[in-house]
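Visitor:
2 protein chains.
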Amino acid sequence: MGLSIFYTLPARFFGASIAAFMVIFISMADITSIFSQLGAILSPDRVLTSPEDLIPYSFDATAVLSQRPRAVAFAENVEEVSRVVRWANETRTPLVVRGSGTGLAGGSIPSPDSVVLCLSRFDKILELDRRNLTMMVEPGVTTQAIFDRADQAGLLYPPDPGSMKISTIGGNVASNSGGLRGLKYGVTKDYVMGFELVLASGEVVWIGNKCVKDVAGYSLREVFIGSGGTLGIFTKILLRLLPKPAAKRTLLAVYSRMEDAAETVSAIIAHPIIPCTLEFLDRTTIHCVEDYAKVGLPLEAEAILLMETDGHPAVIAEEAEIMAQLARKRGALEVRVAETVEEAQRLATARRSAFAALARVAPTTILEDVTVPRSELAGMVGFIQELAKRHNLRIGIFGHMGDGNLHPTFLTNEKDEAEMHRVELAFSEIVTEAVRRGGTITGEHGVGLAKKKFLPESVGGLNVEIMRKLKRLFDPNLILNPGKMFDC
Amino acid sequence: MGLSIFYTLPARFFGASIAAFMVIFISMADITSIFSQLGAILSPDRVLTSPEDLIPYSFDATAVLSQRPRAVAFAENVEEVSRVVRWANETRTPLVVRGSGTGLAGGSIPSPDSVVLCLSRFDKILELDRRNLTMMVEPGVTTQAIFDRADQAGLLYPPDPGSMKISTIGGNVASNSGGLRGLKYGVTKDYVMGFELVLASGEVVWIGNKCVKDVAGYSLREVFIGSGGTLGIFTKILLRLLPKPAAKRTLLAVYSRMEDAAETVSAIIAHPIIPCTLEFLDRTTIHCVEDYAKVGLPLEAEAILLMETDGHPAVIAEEAEIMAQLARKRGALEVRVAETVEEAQRLATARRSAFAALARVAPTTILEDVTVPRSELAGMVGFIQELAKRHNLRIGIFGHMGDGNLHPTFLTNEKDEAEMHRVELAFSEIVTEAVRRGGTITGEHGVGLAKKKFLPESVGGLNVEIMRKLKRLFDPNLILNPGKMFDC
Chain A
1 MGLSIFYTLP ARFFGASIAA FMVIFISMAD ITSIFSQLGA ILSPDRVLTS PEDLIPYSFD
61 ATAVLSQRPR AVAFAENVEE VSRVVRWANE TRTPLVVRGS GTGLAGGSIP SPDSVVLCLS
121 RFDKILELDR RNLTMMVEPG VTTQAIFDRA DQAGLLYPPD PGSMKISTIG GNVASNSGGL
181 RGLKYGVTKD YVMGFELVLA SGEVVWIGNK CVKDVAGYSL REVFIGSGGT LGIFTKILLR
241 LLPKPAAKRT LLAVYSRMED AAETVSAIIA HPIIPCTLEF LDRTTIHCVE DYAKVGLPLE
301 AEAILLMETD GHPAVIAEEA EIMAQLARKR GALEVRVAET VEEAQRLATA RRSAFAALAR
361 VAPTTILEDV TVPRSELAGM VGFIQELAKR HNLRIGIFGH MGDGNLHPTF LTNEKDEAEM
421 HRVELAFSEI VTEAVRRGGT ITGEHGVGLA KKKFLPESVG GLNVEIMRKL KRLFDPNLIL
481 NPGKMFDC
Chain B
489 MGLSIFYTLP ARFFGASIAA FMVIFISMAD ITSIFSQLGA ILSPDRVLTS PEDLIPYSFD
549 ATAVLSQRPR AVAFAENVEE VSRVVRWANE TRTPLVVRGS GTGLAGGSIP SPDSVVLCLS
609 RFDKILELDR RNLTMMVEPG VTTQAIFDRA DQAGLLYPPD PGSMKISTIG GNVASNSGGL
669 RGLKYGVTKD YVMGFELVLA SGEVVWIGNK CVKDVAGYSL REVFIGSGGT LGIFTKILLR
729 LLPKPAAKRT LLAVYSRMED AAETVSAIIA HPIIPCTLEF LDRTTIHCVE DYAKVGLPLE
789 AEAILLMETD GHPAVIAEEA EIMAQLARKR GALEVRVAET VEEAQRLATA RRSAFAALAR
849 VAPTTILEDV TVPRSELAGM VGFIQELAKR HNLRIGIFGH MGDGNLHPTF LTNEKDEAEM
909 HRVELAFSEI VTEAVRRGGT ITGEHGVGLA KKKFLPESVG GLNVEIMRKL KRLFDPNLIL
969 NPGKMFDC
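So the sequences go chain by chain: A and B. The numbering used here numbers the first residue of the first sequence as 1 and each following residue consecutively. The numbering used here numbers the first residue of the second sequence as 489 and each following residue consecutively.
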């Protein structure tokens, strides 16, 4: 069996469910064989197997987790993807599809002994159909490129995950990504009209069409959207676009109490106004962002609320005025209305850079993603603040307040065992509290590896059993991203 | 085996796929046994078995199709539904769930030897949650009651199928119903956040929550929504509501050429304006509606377009003005803007009464439901008009032009064998043409029995095979509405 490479995964944080990942042996003979097989299917220059080449594909944007694959292969069209999948299915080789690796739940961390199939070079925009307001793209196109192409045509592709500059649309669809505009515009699945999909058998199927209504048989789209590469591989995606809003107004409200910010959000929704963005940052995040991005945030604030309304100029002027009034009535110390596009962009940048800013100040940043019904927001934020004190932890909180989607962010150090133990306890408590309040363990990052042990608690054992049955139905040999979401 | 009741189904129209439905024998001994078993599960006064009592449950709103069930049972809560399903699963009795029976694709026509489970008395509105903009309802609540309850609270439940005054929400969710507001607001599935579901095993599962974002595991919601009672039975439904638009403007444009109406629709979308309603009626439909509802429609017109925009008063005033201009530029003979709420309602009534009006003028009315990408609308309407001439048939066309969703309506007589043969040919040609143009065989009515032979042509054989596998996964004994959509 030749020389063996041995490596470990610092995976204890996420618990027993991925204990099997911790020690892996890979034989050099195996790697040579995989290299020649994949090289024949694709071409040798599109297969990586040397340890130093594999390192960048051993992790995604999730803290703590990593796992080296056996090989990395690059496919650039549907025939290549199908051939690789057929080979994987015949040889029972786990296949982990990835784009830019911006996932935050470990969804594209290689499975043990897996081949990573990277689709970032499968990246053409194929069609923009102005009459039907659709765009057809390949999976490796970045979210930003899609947004830009629509924008040039006077149209809007709304989903805007935090990593949109580099994240790929295939990953967005596989994760059903959210973003900052979710409150008004929804999430990725609301903009996917159809796709070409490679099944675990290697068969290629087309699901959906350009019709805005279609009830011909079961709706198969949504099972695959958000399935995290565990049920099939997207090779072409048909997206729905919207008319571009004529104008946008950006406001920033500053609070001395987090509850006041949450009350403002409730008052805006109850008014009712549905702004495109209702984001907040807590004190810790404000300080980190200001230190990082120098946008002039008020350092004395306990919370800031970033509000954006888009649409007809008359409407947004009126809505901005009402939102400002509601914020002041709920105790905002100050409400700034951006006077110029540059000022609006600077404020939006403050929110967009929150994660990067927090990540600078501690060796390890663990980003949470619980979501609660909007009515539970203030209570949930209060719970997390109290929890941070109780466990003596630094937790920055920011998130999509209008969606009830919070990102409590642990600023910690994975080498500090005692602190990591407290982080683990606090992490669990946050999840349990969100579920208790009628929420979910993940609003937009997905389950992947990071949340799999909490899935039964979130959706119930019977639902997980249904998911397992679906997995076995679509991928009987368990080759597609095995071990993610749940075990089979 | 006692006395047998014999009856036939005039089902030849929909072809060989339901030939098995045509002659059925039911033994009286069987019926007595079913009556006593169901009577014990529910109570004797909630079970019907006498032939005259079964007649109203032998058909829905679909022309031509009917089939008498063995019994009808009324369940009023989840425990009763679960007990009936367990019994059906154990005794392998086909179970056909229905509400008001307003379906237009034969989806709630009893299967041979089936028990109809009627949920129209399971009809409470359980909660309206203003802070989260949700409503929890039982499946037998009418769509109109949901709309009204939301409206009273200053909120909007957008899906408005033509039969909304009597259709039940359980049926709407099972059919993923559309309506007149689909262009701007989408369809039923866009407003279903969660539901309680009885599986074929009798197990009860809850899927979804009040979170506006949730990616915890596979999205199971959409597989069940629109599954036509073949995968599970909804016993509680959590609906999403919207803020009620502040105002609405209704316009009517009159054309001497159908193509001009279609061009107007394209111009409005390309502008881009997304009105809440863009409905049209052709000459045949205009005459029938005017004769029926006396709303003052222009009888000299070849087509009329009913346009509605809702939202902020300033925006709708501007949009209405632009839509009127675009209509005139595309050759509208006349554009009326409703001056009062009453006038707007009268115009909306014209469209809402189209099907009823057409149904009066011929013994048999067969309503089609093909949908094409919007860019294919004008061509599709032209094709149907040419087809009507070629086959010497009367076809009224109306529909949701903004959605590309057409309702060509055959005005015929099922007793005229020669004409029915031509109807059958024309029906097939319409379906094939819609699919050729990138469309679907059904935009909002569903597959049921009426379209099952066309399903493979519409979605492809591999997709039907996936649907069959899902059916067998969720309903291994094939007791839930068997024989609908496809055969297993």
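Idealized CB from N, CA, C, for every residue including glycine.
Along the stretch 393–414 of chain A, where does the CB come closer than 9 Å to a CB of chain D? Name the residues.
Guide: Here the protein chains are A and B, and chain D is not one of them.
Visitor: Do we get a CB-CB distance below 9 Å when we pair Gly934 of chain B with the residues of chain A?
Guide: True, the Cβ-Cβ gap to chain A drops below 9 Å.
Visitor: Name, please, each residue of chain B whose Cβ falls closer than 9 Å to the Cβ of Asp30 of chain A.
Guide: Near Asp30 of chain A there are no residues of chain B at all, since even the closest Cβ is about 32 Å away, more than 9 Å.
Visitor: Along chain B, in chain order, which residues have C-beta atoms closer than 7 Å to that of Val198 of chain A?
Guide: In chain order: nothing, as chain B lies at least about 12 Å away.
Visitor: For Arg619 of chain B, decide whether its Cβ has a neighbour in chain A, counting only Cβ atoms nearer than 9 Å.
Guide: yes
Visitor: Where do the ends of the beta strand (DSSP E) carrying Met652 of chain B lie?
Guide: Segment: none, Met652 of chain B is in no beta strand (DSSP E) and carries neither H nor E.
Visitor: So does the stretch 945–953 of chain B actually touch the stretch 881–895 of chain B, counting three or more Cβ pairs closer than 8 Å?
Guide: no
Visitor: Can you tell me where the alpha helix (DSSP H) with Ala356 of chain A in it begins and where it stops?
Guide: Ala354 to Arg360
Visitor: From the DSSP output, in three-state form, read off Pro363 of chain A for me.
Guide: coil
Visitor: For a minimum of 4 consecutive residues, which ranges assigned as the alpha helix (DSSP H) are wholly contained in the stretch 450–482 of chain A?
Guide: If we require 4 residues or more, the alpha helix (DSSP H) runs fully inside the stretch 450–482 of chain A come out as 455–459 and 461–474.
Visitor: What does Asp260 of chain A reach in chain B if we use C-beta pairs closer than 8 Å?
Guide: Chain B residues near Asp260 of chain A: none, gap ~17 Å exceeds 8 Å.
Visitor: Could you tell me which chain A residues have their CB closer than 9 Å to the CB of Glu691 of chain B, listed as they occur along the chain?
Guide: Within 9 Å Cβ-Cβ: Leu462.
Visitor: If you pair each beta-carbon of the stretch 204–211 of chain A with each one of the stretch 161–180 of chain A, do three or more pairs fall below 8 Å?
Guide: no
Visitor: Specify whether the stretch 812–832 of chain B and the stretch 863–874 of chain B touch according to this definition: at least 3 beta carbon pairs, one from each stretch, less than 8 Å apart.
Guide: no
Visitor: In the DSSP assignment, the alpha helix (DSSP H) including Asn89 of chain A goes from what residue to what residue?
Guide: Val78 to Thr91
Visitor: List, in order along the chain, the chain B residues whose C-beta lies closer than 9 Å to that of Pro243 of chain A?
Guide: In chain order: Ile757, His759, Pro760, Ile761 and Ile762.
Visitor: Taking one C-beta from the stretch 641–658 of chain B and one from the stretch 570–580 of chain B each time, how about it: are there three or more such pairs within less than 8 Å?
Guide: Two segments are said to touch when three or more pairs of C-beta atoms, one from each, lie closer than 8 Å; by this definition the stretch 641–658 of chain B does not touch the stretch 570–580 of chain B.
Visitor: Considering Asp798 of chain B, what are the terminal residues of the beta strand (DSSP E) in which it resides?
Guide: Ala791 to Gly799
Visitor: Please list the residues of the stretch 704–730 of chain B that have a C-beta atom closer than 8 Å to any C-beta atom in chain A, keeping them in chain order.
Guide: Result list: Ala704, Gly705, Tyr706, Ser707, Leu708, Arg709, Glu710, Val711, Ile713, Gly714, Ser715, Leu719 and Leu730.
Visitor: I want to verify the contact list: residues of chain B whose CB lies under 8 Å from the CB of Asp214 of chain A, in sequence order.
Guide: Thr859, Thr928, Thr930 and Gly931
Visitor: If you measure beta-carbon to beta-carbon, which residues of the stretch 794–805 of chain B are closer than 8 Å to chain A?
Guide: Gly799, His800, Ala802 and Val803
Visitor: Hey, is Ile810 of chain B's beta-carbon within less than 9 Å of any beta-carbon in chain A?
Guide: By the rule that beta-carbons nearer than 9 Å mark a contact, Ile810 of chain B does not touch chain A.
Visitor: Take Ser689 of chain B as the anchor and find which of B:Leu835, B:Ala576 and B:Gln833 has the nearest alpha-carbon.
Guide: The residue with the shortest Cα to Cα distance from Ser689 of chain B is B:Ala576.
Visitor: Return yes when the Cβ of Leu835 of chain B is within less than 9 Å of the Cβ of Leu740 of chain B, no when it is not.
Guide: Their beta carbons are under 9 Å apart, which means Leu740 of chain B touches Leu835 of chain B by this criterion.
Visitor: Only counting the same chain, and skipping five residues up and downstream in sequence, which positions put a Cβ closer than 7 Å to that of Val625 of chain B?
Guide: Ile613, Leu614, Ile634, Ile657, Ile725 and Leu727
Visitor: Quick one: using the 10 Å Cβ neighbour count with 16 as the cut-off for buried, is Gln67 of chain A buried or exposed?
Guide: buried
Visitor: Using 9 Å as the limit for Cβ to Cβ distance, is Asn577 of chain B near chain A?
Guide: no
Visitor: Are Asn477 of chain A and Gly228 of chain A closer than 9 Å when you measure CB to CB?
Guide: Contact: no.
Visitor: Please classify Phe974 of chain B: does DSSP put it in a helix, a strand, or coil?
Guide: coil
Visitor: If you draw a straight line from the alpha carbon of Arg472 of chain A to that of Val711 of chain B, how long is it in whole angstroms?
Guide: 16 Å
Visitor: Rounded to a whole number of angstroms, what is the C-alpha to C-alpha distance between His445 of chain A and Gly226 of chain A?
Guide: Their Cα atoms are separated by approximately 10 Å.
Visitor: Anyone know if the C-beta pair for Leu616 of chain B and Arg637 of chain B falls short of 9 Å?
Guide: yes
Visitor: Could you name the residues of the same chain whose beta carbon sits closer than 6 Å to that of Gln815 of chain B, not counting the 5 residues immediately before and after it, in chain order?
Guide: What sits at residue 815 of chain B in the sequence shown is Ala, not Gln. Correct list, in chain order: Ala741, Thr752 and Val823.
Visitor: Which of the three DSSP states, helix, strand or coil, is assigned to Asp113 of chain A?
Guide: coil
Visitor: So Gly399 of chain A is in the beta strand (DSSP E); what residue range does that whole segment cover?
Guide: Its beta strand (DSSP E) spans residues Arg394 to His400.
Visitor: If I follow the unbroken alpha helix (DSSP H) through Ile634 of chain B, where does it start and stop?
Guide: Boundaries of the alpha helix (DSSP H) around Ile634 of chain B: Thr631 to Gln640.
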